[in-house]
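Asker:
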Amino acid sequence: MLHFSKWKQFGILLAVLISIIVALPNVLPAKYQDMLRPYGLKPMTLGLDLQGGVNILLEIDRDDLKKRLTEQLVGDMRSTLREGKIGYSGINRAPDGVRVRITKPEDVDKAETELRKLAQPVDAGGLFGGGTTASLFDVKLEGQQVSFTFNEQGIDSKIQQAVSQSIKIVEKRVNPDGVVEATIQQQGKDRIVVQLPGVQDSQEVKSRLDRTAKLTFQLLCEAQPTGQGQNPPPECKSLVMKDDPAQTMWVQTSSRATVDGADLTDARGSFDQSNQPVVSFRFNQKGAERFGKLTRDNVGKPFAIVLDDLIMSAPRINEPILGGSGQISGSFTVEETNSLAVVLRSGALPAKLTIVEERTVGPSLGSDSIKAGFNASIIGLVLVVIFMIIAYGLFGIFANIALLLNLIMLIAVMSFFGFTMTLPGIAAIVLTMGMAVDSNVIIFERMREEWRNGRSAMSAIETGFKSAFATIFDSNFTALIAAVVLFGVGSGPVKGFAIAHVVGILTTVFTAYTVTRYIVSLWVGWAKPKEVPL
Amino acid sequence: MKFKPIRFIPDDTRFPIMRLSRFGFFFSGLLSLASVLLFVFVGLNVGVDFKGGTVMTVRTADAANIEQLREQVSSLGFGQAEIQEFGSPRDVLIRLPAVEGGDEAQQTTIAKVKEALGPGVEFRSVEVVGPKVSSELAEQSILAVVFAIGGILFYVWFRFEWQFAAGAVLSLLHDVLITIGIFCLLRIEFNLQIIAAILTIVGYSLNDTVVVFDRIREYMRKYKSMNLADLIDFSINSVFPRTILTSVTTMLALVALYAFGGEVLRGFTFTMILGVLIGTYSSIFIASPVLILLGTVMSEKKTVTEAKAAAAARP
């Protein structure tokens with residue numbers, strides 16, 4: 001049991017050496033860290049709770065997405081039926097879809113065929129292998145009524161699309177200059193987690209995330225409301241002014257009277273002639289043409305600049321705007337125009353994003369936590385080391401060497417795989433120190449027992465290791481179960497604890513058993529003990 | 001070696017564990033019952049992780065006037081604000097309940113509190129958890145504890161016999177229950193960190209238990225004629241020095257963490273310290289003595305499975 005083959009010895013020493021090298025960047029000054037980085041050697045990634053920063057969890061608003069898809073469908077249905085010269089009476093929106101009644105029975109077949117084309121097949125992710133394509137809507141014919149109902153699978157696929165799209169847009173919004181080390185990832189089915197290390201003020205970031213930034217230019221309706229609570233005429237929509245929420249205006253909703261802001265190529269915060277902050281924008285060619293046509297055909301009429309269903313301003317078209325650029329005014333502050341410009345450049349989100357969780361840690365608390373964690377680790381280590389020497393003497397020193405290697409390996413694994421170290425992660429390391437020596441305690445107590453039962457020193461030492469192995473394995477494996485389960489729960493910091501704990505358990509089994517056994521075997525070979533010094 | 005290690009537990013110490021375990025059962029039963037009553041009638045002081053809301057830690061320029069802060073924050077109309085000192089007289093923890101109006105509405109709280117407290121106050125950390133996420137976290141946490149205990153049940157069952165698994169799980173439930181009871185009693189905030197601590201305790205307590213079980217199994221093969229009560233007694237006493245020493249080293253690390261690890265970790269560390277104490281106790285006085293209660297079934301099973309000397313040796 002105490003014999004190690006040449007290869008085994010080599011393996012152990014190699015593992016220890018590699019660990020030391022990989023863990024090294026964590027204690028080097030920044031200058032040397034940068035030198036080692038090209039070789040894949042880097043210090044541990046610190047979590048936001050240690051570094052300071054903002055962590056925001058966003059969720060795609062499912063209802064908002066449905067609402068938009070419904071709006072779009074209604075528009076498409078209208079134009080389809082109009083083009084097919086099919087009479088219909090009323091398009092009804094329900095929470096789960098849209099229904100339309102065809103006036104003449106003889107039109108029903110044609111209407112159904114035409115309308116079915118709007119069902120929008122989606123890629124359902126190929127869950128069922130070949131051929132099963134889901135549609136966004138299930139189309140059903142009941143008498144003279146054609147009903148479109150949302151297909152849950154179709155919606156899920158749209159959500160997935162929206163998430164991927166939103167991630168790109170969010171990236172542009174939180175990090176327009178690409179200078180921050182932002183992490184933006186999908187979490188679960190419909191969520192996006194945004195992590196911004198070093199950012200202190202979450203307010204600014206949030207103001208860019210929680211607006212959809214859907215920009216449109218829409219002509220105003222002929223009729224305008226004269227009092228409160230009036231219903232707009234068909235193909236008109238009632239919207240509120242940004243500056244005065246009490247004032248509403250009716251804007252035309254037809255696509256002929258609308259230019260979509262999705263065709264913007266650029267947007268900047270600037271000032272107009274009277275030195276008021278405005279956002280200047282420029283259309284791409286397609287947008288410029290549409291905008292030019294709209295303004296040419298409607299000189300003298302007012303139009304509304306609408307952002308996220310709020311009218312920013314409603315200027316009169318004095319002359320055709322053919323150059324494809326313009327300004328948005330609306331009594332902004334300079335900060336607002338800059339932020340708005342970033343948001344407009346990034347494009348509109350496919351659906352509203354709701355902030356469902358936010359955790360921000362200031363840099364001063366972060367560095368306090370690092371200090372506290374470091375102090376606690378050192379003091380904990382010293383206490384355990386002293387105790388082990390008092391309790392086990394020479395063997396205690398062996399255990400302490402193994403413990404130090406354990407910590408080095410733990411840090412090496414965390415660094416190498418880029419696992420994030422959080423404050424609870426530090427707690428896990430400290431805990432690992434306390435619990436790692438357990439394996440040594442089991443072994444040493446066993447040796448002592450065997451020796452007192454009359455075995456020779458050599459035999460007692462061997463049996464100690466041999467009998468203790470099953471116990472060490474079982475006890476660590478059960479701890480591992482709990483730690484792995486913990487990994488599945490919760491966010492950020494707690495995950496950090498779970499990772500460090502799992503890694504700690506794994507390195508413990510290697511160092512406390514194998515490394516200690518190796519050290520003891522070297523000592524036995526050298527000292528040829530007649531008694532067990534325990 | 002001139003230096004002689006100190007024996008903390010004298011050799012051949014024999015505690016009459018089985019005799020003491022009768023009091024242990026009574027004592028633990030009482031505590032468990034009290035915990036259930038506390039949980040039902042007093043309840044946990046659930047943190048924002050599980051019920052939603054806002055929690056922030058702020059640092060004021062001079063020693064904070066808690067009463068004044070309470071007034072300032074309460075006047076904002078977000079409901080009952082909880083305000084307490086957080087580690088030093090200048091550091092204050094502010095907890096606000098979840099406001100009506102879903103996830104979006106939570107966002108308004110931070111800005112308003114910042115405005116109300118003015119520029120002299122440093123916001124060291126802010127956490128806002130919406131109602132949706134918090135209910136998910138609560139659900140996941142309960143599931144996690146259940147899964148962990150379930151996983152352990154199966155592992156111990158697989159490695160030992162079902163009586164051992166039952167004993168282990170019973171003592172784990174005992175640990176979790178009493179920890180929760182103490183949380184109800186002391187009104188300490190129950191959050192995700194505490195769940196992490198509880199799961200770690202589950203792992204730790206089990207670690208202790210498995211070490212004893214291993215020894216019992218070993219002695220069952222070795223001393224086939226010994227009666228079960230004596231055998232369990234002997235096993236627990238054999239590993240007793242190890243149980244105590246490991247608890248001491250773990251405790252040393254935890255105490256260092258509690259004293260120097262900062263305010264943020266204090267809840268976690270406190271729970272762990274509590275858990276190590278309860279876990280050590282339960283692995284000695286609950287997990288193994290329970291085997292006696294289930295023992296008759298085991299000896300029957302043994303006669304079936306290992307129909308060799310085992311059956312004949314039993315008196």
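Sequence lines, in order, name chains G and D.
Residues 1 to 534 (this note's numbering) make up the first sequence, in order.
Residues 1 to 315 (this note's numbering) make up the second sequence, in order.
Positions of the beta carbon are idealized from the N, C-alpha and C atoms, including for glycine.
1) Please state the DSSP three-state secondary structure of glutamine 327 of chain G.
2) Is the Cβ-Cβ distance between valine 73 of chain D and isoleucine 66 of chain D less than 8 Å?
3) For cysteine 545 of chain G, report the span of its beta strand (DSSP E) as first-last.
4) Could you please give me the residues that DSSP links to glutamate 357 of chain G through a beta bridge?
5) Check whether the stretch 221-229 of chain G touches the stretch 174-193 of chain G, taking contact to mean three or more Cβ pairs, one atom from each stretch, closer than 8 Å.
6) Where does the unbroken beta strand (DSSP E) through aspartate 138 of chain G begin, and where does it stop?
7) How many Å lie between arginine 191 of chain G and leucine 69 of chain G at the Cα?
8) How close, in whole Å, do the beta carbons of valine 48 of chain D and serine 134 of chain D come, if the pair is a contact with beta carbons under 8 Å?
9) Could you tell me the boundaries of the beta strand (DSSP E) in which isoleucine 94 of chain D lies?
10) Give every residue of the same chain whose Cβ lies closer than 6 Å to the Cβ of threonine 420 of chain G, excluding the five residues on either side of it in the sequence, and list them in chain order.
11) Label valine 520 of chain G either buried or exposed according to how many other C-beta atoms from any shown protein chain fall within 10 Å of its C-beta, with 16 as the threshold for buried.
12) By the criterion of Cβ-Cβ separation under 7 Å, what are the contact partners of aspartate 233 of chain D in chain G?
13) Just curious, the alpha helix (DSSP H) that tyrosine 518 of chain G is in, first and last residue?
14) Under the DSSP definition of a beta bridge, which residues are partnered with alanine 134 of chain G?
15) Out of curiosity, what's the CA-to-CA distance linking leucine 349 of chain G and glutamine 161 of chain G?
16) By the 8 Å beta-carbon criterion, what residues does the stretch 184-211 of chain G contribute toward chain D?
17) Using only the alpha-carbon positions, how far apart do phenylalanine 417 of chain G and methionine 409 of chain G sit?
18) Is the CB of alanine 470 of chain G under 8 Å away from at least one CB in chain D?
19) For the beta strand (DSSP E) containing arginine 37 of chain G, list its first residue and its last residue.
20) Note down, in chain order, all residues in the stretch 147-175 of chain G with a beta-carbon under 7 Å from any beta-carbon belonging to chain D.
21) Counting contacts by CB-CB distance shorter than 8 Å, is threonine 60 of chain D in contact with chain G?
22) Which partner residues does proline 302 of chain G have in the DSSP bridge list?
23) With three or more C-beta pairs closer than 8 Å as the rule, is the stretch 168-186 of chain D touching the stretch 198-214 of chain D?
24) Tell me the residue span of the beta strand (DSSP E) that contains valine 100 of chain G.
25) May I ask you to verify whether the stretch 360-374 of chain G touches the stretch 254-262 of chain D, counting CB pairs closer than 8 Å and requiring at least 3?
26) Which same chain residues end up closer than 6 Å to valine 58 of chain D when comparing Cβ atoms and leaving out the 5 residues on each side of it in sequence?
27) Assuming the contact rule is C-beta atoms closer than 8 Å, glutamine 51 of chain G and glycine 178 of chain G should be a hit. Round their C-beta distance to whole Å, please.
28) Quick one: what's tyrosine 88 of chain G bridged to in DSSP?
29) Distance cutoff 8 Å, beta carbons only. Does glutamine 163 of chain D sit that close to anything in chain G?
30) Taking C-beta pairs closer than 9 Å, name the residues in chain G that serine 75 of chain D reaches, listed in chain order.
31) Below 8 Å between beta carbons is the criterion; list the residues of the stretch 452-483 of chain G that meet it against any residue of chain D, in chain order.
32) Can you give me, in chain order, the residues of the stretch 426-439 of chain G that have a beta carbon less than 7 Å from any beta carbon in chain D?
33) Please confirm if isoleucine 401 of chain G has its CB atom under 8 Å from at least one CB of chain D.
34) Do we get a CB-CB distance below 8 Å when we pair arginine 159 of chain D with the residues of chain G?
35) Using 8 Å as the limit for Cβ to Cβ distance, is valine 532 of chain G near chain D?
36) Please classify histidine 501 of chain G as buried or exposed, where buried requires at least 16 other C-beta atoms within 10 Å of its C-beta.
Answerer: Let me spell this out:
1) The residue given as residue 327 of chain G occupies position 327 in the first sequence. In this structure, glutamine 327 of chain G counts as strand in the three-state DSSP scheme.
2) Taking the second sequence and counting its residues from 1, the one referred to as residue 73 of chain D is at position 73. Taking the second sequence and counting its residues from 1, the one referred to as residue 66 of chain D is at position 66. Result no, Cβ atoms of valine 73 of chain D and isoleucine 66 of chain D do not sit closer than 8 Å.
3) Look at the range of chain G in this structure, 1 to 534, and you will see that residue 545 of chain G is not part of it.
4) Translated into positions along the first sequence, residue 357 of chain G becomes position 357. In the DSSP output, where bridge partners are listed per residue, glutamate 357 of chain G has G/Leu57, D/Val129.
5) no
6) Residue numbering aside, residue 138 of chain G sits at position 138 when the first sequence is read from its first letter. Per DSSP, aspartate 138 of chain G belongs to the beta strand (DSSP E) from 137-142.
7) Residue numbering aside, residue 191 of chain G sits at position 191 when the first sequence is read from its first letter. Residue numbering aside, residue 69 of chain G sits at position 69 when the first sequence is read from its first letter. Rounded to the nearest angstrom, the two C-alpha atoms are 19 Å apart.
8) Looking up residue 48 of chain D in the second sequence gives position 48. Looking up residue 134 of chain D in the second sequence gives position 134. Their Cβ separation, rounded to whole angstroms, is 7 Å, which keeps valine 48 of chain D and serine 134 of chain D in contact under 8 Å.
9) Numbered from 1 along the second sequence, position 94 holds the residue referred to as residue 94 of chain D. Element bounds for isoleucine 94 of chain D: 91-97.
10) Counting from 1 along the first sequence, the entry for residue 420 of chain G is found at position 420. The residues are Thr45, Gly47, Gly496.
11) Working through the first sequence from its first residue, we reach residue 520 of chain G at position 520. Flag for valine 520 of chain G reads buried.
12) Here residue 233 of chain D refers to the residue found at position 233 when the second sequence is read from its first residue. Going along chain G, no residue has its Cβ under 7 Å from aspartate 233 of chain D, so there is no contact; the nearest lies around 16 Å.
13) In the first sequence, the residue the question calls residue 518 of chain G occupies position 518. Element bounds for tyrosine 518 of chain G: 516-527.
14) In the first sequence, the residue the question calls residue 134 of chain G occupies position 134. Partner(s): G/Val122.
15) Position 349 of the first sequence holds residue 349 of chain G. Position 161 of the first sequence holds residue 161 of chain G. The straight-line gap from Cα to Cα measures roughly 11 Å.
16) Ser202, Gln203, Lys206, Asp210
17) As a position in the first sequence, residue 417 of chain G is number 417, starting the count at 1. As a position in the first sequence, residue 409 of chain G is number 409, starting the count at 1. Looking at the two C-alpha atoms, the distance is approximately 12 Å.
18) Here residue 470 of chain G refers to the residue found at position 470 of the first sequence. Yes, contact with chain D.
19) The count along the first sequence starts at 1 and reaches residue 37 of chain G at position 37. Per DSSP, arginine 37 of chain G belongs to no beta strand (DSSP E) and is neither H nor E.
20) none
21) Position 60 of the second sequence holds residue 60 of chain D. With 8 Å as the cut-off, threonine 60 of chain D does not count as an interface residue toward chain G.
22) Position 302 of the first sequence holds residue 302 of chain G. Proline 302 of chain G is bridged to G/Arg316.
23) yes
24) As a position in the first sequence, residue 100 of chain G is number 100, starting the count at 1. Looking at the DSSP string, the run of the beta strand (DSSP E) that includes valine 100 of chain G is 97-102.
25) yes
26) The residue labelled residue 58 of chain D in the question sits at position 58 within the second sequence. The residues are Val92, Val121, Phe123.
27) By one-based count along the first sequence, residue 51 of chain G stands at place 51. By one-based count along the first sequence, residue 178 of chain G stands at place 178. In fact, because the Cβ distance is near 19 Å, the residues do not count as touching under 8 Å.
28) Here residue 88 of chain G corresponds to residue number 88 of the first sequence, with the count starting at 1. Answer by DSSP bridge pairing, in chain order: G/Ile102.
29) Taking the second sequence and counting its residues from 1, one reaches residue 163 of chain D at position 163. Output row for glutamine 163 of chain D: interface = no.
30) Residue 75 of chain D sits at position 75 when you count from the first residue of the second sequence. Simply none; closest approach about 21 Å.
31) Arg452, Ser467, Ala470, Thr471, Asp474, Ser475, Asn476, Phe477, Thr478, Ala479, Leu480, Ile481, Ala482, Ala483
32) Ala427, Val430, Leu431, Met433, Gly434, Met435, Val437, Asp438
33) The residue you call residue 401 of chain G lines up with position 401 of the first sequence. Answer no: the Cβ-Cβ gap between isoleucine 401 of chain G and chain D never drops below 8 Å.
34) For the purposes of this step, residue 159 of chain D is identified with residue 159 of the second sequence, where counting begins at 1. Closer than 8 Å: yes.
35) In the first sequence, counting from the first residue as 1, residue 532 of chain G sits at position 532. No, valine 532 of chain G does not count as interfacial toward chain D.
36) For the purposes of this step, residue 501 of chain G is taken as the residue at position 501 of the first sequence. Histidine 501 of chain G is buried by the Cβ-count criterion.
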